[in-house]
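Reviewing the structure listed below.
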Amino acid sequence: MTTTTTDRAEIRAAHQRIRADVRRTPLWRLPGATFGLQVAEVWLKLEHLQLGGSFKARGMFNRMRAMPIPAAGVIVASGGNAGIAVASAARAMGVPCEVFVPLLASAVKQHALAALGARVVVGGAAYADALAASQQRQRATGALWMHAYDQAEVVAGAGTLALEIEEDAGLPDRVLVSVGGGGLIAGVAAWCDGRCRV
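Oh and the sequence shown: position 80 is 80 in this note's numbering, straight run, nothing missing.
This is how it looks when you write it as structure tokens:
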């Protein structure tokens with residue numbers, strides 16, 4: 001991952017930019033004992049209810065709303081959720097979309113991408129191969145290249161999740177974040193900015 005920084009002002013701007021495009025997902029409050037924790041309560045941000053089924057829509061819509069999109073549309077490499085988010089955003093915005101997937105990408109995800117109108121390209125055996133193929137195609141077409149997690153606009157979009165948590169429930173003592181590529185935790189940490197433990 002390259003160094004991608006974002007701050008609270010960029011996250012606020014992202015929230016305004018994408019508010020009509022994404023869902024403000026609910027929080028679900030449970031007793032801490034539900035999880036065997038010695039805390040009063042745990043709040044879950046239900047991003048599985050987000051457009052495309054994951055938080056990824058936040059970052060992808062933000063990048064696509066913040067950047068000029070050429071006639072060639074957008075290109076992303078993804079094993080699934082980022083591609084679905086880009087394809088959903090492209091469909092909503094009426095722009096062409098190509099998603100480069102690795103050979104191991106599930107048929108279900110590939111069909112979902114195609115159903116959203118994306119051109120699905122198997123870009124090689126592994127994600128790194130699909131990533132390289134997507135970059136080569138982007139250079140050839142001039143399409144807007146989308147990264148699954150490593151672009152400032154994507155990180156700022158992901159950070160809108162933490163902004164909503166604070167607006168809806170107040171600043172938590174700590175936020176637990178699952179980590180894949182790192183875009184979500186980077187956005188959450190940028191929003192929390194040392195005010196709570198991430």
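Cβ atoms here follow ideal geometry from the backbone N, Cα and C, with glycine treated the same way.
Which stretch, first to last residue, makes up the beta strand (DSSP E) that contains Cys196?
-> Here Cys196 belongs to no beta strand (DSSP E), and DSSP marks it neither H nor E.
Close-in-space but distant-in-sequence residues of the same chain around Val39 (CB under 6 Å, 5 per side omitted) = Gly32
Through-space distance from Lys56 to Gly36, alpha-carbon basis = 29 Å
Report yes or no: do the region 137 to 150 and the region 74 to 92 share at least 3 C-beta pairs separated by less than 8 Å?
-> yes
Please work out which residues of its chain come closer than 7 Å, Cβ to Cβ, to Glu47, disregarding the five sequence neighbours upstream and downstream, and give them in chain order.
-> Thr25, Ser54, Phe55, Leu161
Helix, strand or coil: which one does DSSP assign to Phe35?
-> helix
According to DSSP, which residues form a beta bridge with Val99?
-> Val76, Val120
So Glu41 and Arg29 are in contact, right, with Cβ under 8 Å, and what is the actual spacing, rounded?
-> Between the beta-carbon of Glu41 and that of Arg29 there is about 6 Å, and that keeps the pair under the 8 Å contact cut.
Could you say which of Asn81, Ala66, Val22, Gly183 lies nearest to Phe100 if we only look at CA atoms?
-> Asn81
Could you have a look at Leu104 and say whether DSSP puts it in helix, strand or coil?
-> coil
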